[in-house]
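A short worksheet on the structure shown next.
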């Protein structure tokens with residue numbers, strides 16, 4: 164069921180997106196140099212002038228394809244089913260790689276190819292509202308999940324809501340923070356799915372009520388779970404904080420109301436993660452079948468240690484990531500919002516001139 168649902172959702176989005184791609188192809192064919200054959204060349208599309216009306220329809224076609232892949236609210240319903248039915252490795256690949264194809268598509272195709280449609284106020288506001296709904300809805304649904312893996316799946320809906328909000332803040336902080344948060348989500352949520360997979364391999368159940376007090380039986384497992392949980396919740400000095408804080412900076416610059424609502428998602432996110440940890444790791448071992456569970460093996464440590472080191476690196480020293488992102492992100496913002504940097508430099512120049520005049 165989950166595989167068929169995923170296939171149908173993705174197929175629907177891909178077919179509509181294909182129509183948008185064909186529209187750009189035939190528009191290129193109208194140009195004299197490509198009259199004979201048309202062009203699917205991305206660099207040609209970047210150079211050609213696309214009418215605003217065509218940009219609007221192509222943007223909607225691309226949006227449907229990418230929004231399903233993210234997935235954004237209300238196209239998210241395939242994701243929890245897919246995660247629950249997938250094996251642990253499948254869930255890790257799905258969270259760490261596949262979902263990012265949607266956000267990558269927005270950054271790589273929708274914004275640079277269709278800048279006039281991308282800055283249409285009602286489009287930005289609609290996407291921002293859908294992102295905020297995803298942030299809060301995903302967190303609230305996670306709070307009531309009885310299934311450990313489904314809880315982590317719905318947390319992905321919430322986290323990726325932050326990513327799309329950052330992208331469509333259309334400023335350097337928002338977009339750079341979104342890219343960092345996409346990396347963070349792959350690290351933190353990937354670890355959480357591995358943690359669920361380890362205990363499922365030992366007990367063959369994901370029902371949260373079946374656990375409790377595992378910290379007494381599996382102390383190293385509980386430590387790694389605490390680390391992943393705090394990383395996902397955005398604890399300072401860990402990776403999640405850097406991405407979420409930078410996105411909130413970008414959202415605050417774009418619209419303070421967006422940032423205010425997004426902050427509530429962080430609070431709810433900490434709530435469902437801490438509550439999950441309390442119910443599974445703390446207290447007494449009430450289920451006798453949990454008493455004989457083995458702690459982490461060397462093979463499992465070998466999987467977690469690089470991810471934990473990566474999370475600490477981003478949390479403590481994110482500068483290399485922002486340096487790599489600075490130039491392409493600034494170029495993207497300037498393409499979508501020409502004059503953005505000049506507008507922000509003007510008040511600084513005026514202040515400096517005022518100081519010079521006073522002297």
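Residue numbers (the numbering used here): 164 to 522. Where a beta carbon is used, it is the ideal one built from N, C-alpha and C, also for glycine.
Could you check whether residue j and residue i sit closer than 9 Å to each other, using their CB atoms as the reference points?
i: residue 226; j: residue 273; result: yes
i: residue 306; j: residue 434; result: yes
i: residue 363; j: residue 312; result: yes
i: residue 336; j: residue 413; result: yes
i: residue 477; j: residue 270; result: no
i: residue 268; j: residue 220; result: no
i: residue 229; j: residue 176; result: yes
i: residue 458; j: residue 399; result: no
i: residue 244; j: residue 192; result: no
i: residue 356; j: residue 291; result: no
i: residue 485; j: residue 496; result: no
i: residue 323; j: residue 392; result: no
i: residue 318; j: residue 410; result: no
Are there 16 or more other CB atoms within 10 angstroms of the CB of residue i, so buried, or fewer, so exposed?
i: residue 170; result: exposed
i: residue 299; result: buried
i: residue 208; result: buried
i: residue 367; result: exposed
i: residue 529; result: Residue 529 is absent from the model: the chain starts at 164 and stops at 522.
i: residue 240; result: exposed
i: residue 325; result: buried
i: residue 285; result: exposed
i: residue 447; result: exposed
i: residue 430; result: exposed
i: residue 258; result: buried
i: residue 206; result: exposed
i: residue 460; result: exposed
i: residue 407; result: buried
i: residue 464; result: exposed
i: residue 423; result: exposed
i: residue 289; result: exposed
i: residue 420; result: exposed
i: residue 338; result: buried
i: residue 345; result: buried
i: residue 494; result: exposed
i: residue 334; result: buried
i: residue 449; result: exposed
i: residue 189; result: exposed
i: residue 455; result: exposed
i: residue 377; result: buried
i: residue 214; result: exposed
i: residue 441; result: exposed
i: residue 249; result: buried
Which of the three DSSP states, helix, strand or coil, is assigned to residue i?
i: residue 310; result: strand
i: residue 456; result: coil
i: residue 383; result: helix
i: residue 283; result: coil
i: residue 277; result: coil
i: residue 244; result: helix
i: residue 400; result: coil
i: residue 378; result: helix
i: residue 422; result: helix
i: residue 172; result: helix
i: residue 234; result: coil
i: residue 334; result: coil
i: residue 239; result: coil
i: residue 256; result: helix
i: residue 504; result: helix
i: residue 267; result: helix
i: residue 394; result: helix
i: residue 493; result: helix
i: residue 193; result: coil
i: residue 469; result: helix
i: residue 347; result: helix
i: residue 436; result: helix
i: residue 164; result: coil
i: residue 321; result: helix
i: residue 215; result: helix
i: residue 448; result: coil
i: residue 202; result: coil
i: residue 187; result: helix
i: residue 363; result: helix
i: residue 483; result: helix
i: residue 249; result: coil
DSSP puts residue i in a beta bridge; with which residues?
i: residue 370; result: 310
Is residue i close to chain C, meaning its C-beta is less than 9 Å from at least one C-beta of that chain?
i: residue 235; result: This model lacks chain C altogether; it includes just one protein chain.
Determine, using beta-carbon pairs with one atom in the region 274–281 and one in the region 371–379, whether at least three such pairs fall under 8 Å.
no
Is the region 346–359 in contact with the region 472–488, if contact means three or more CB pairs nearer than 8 Å?
yes
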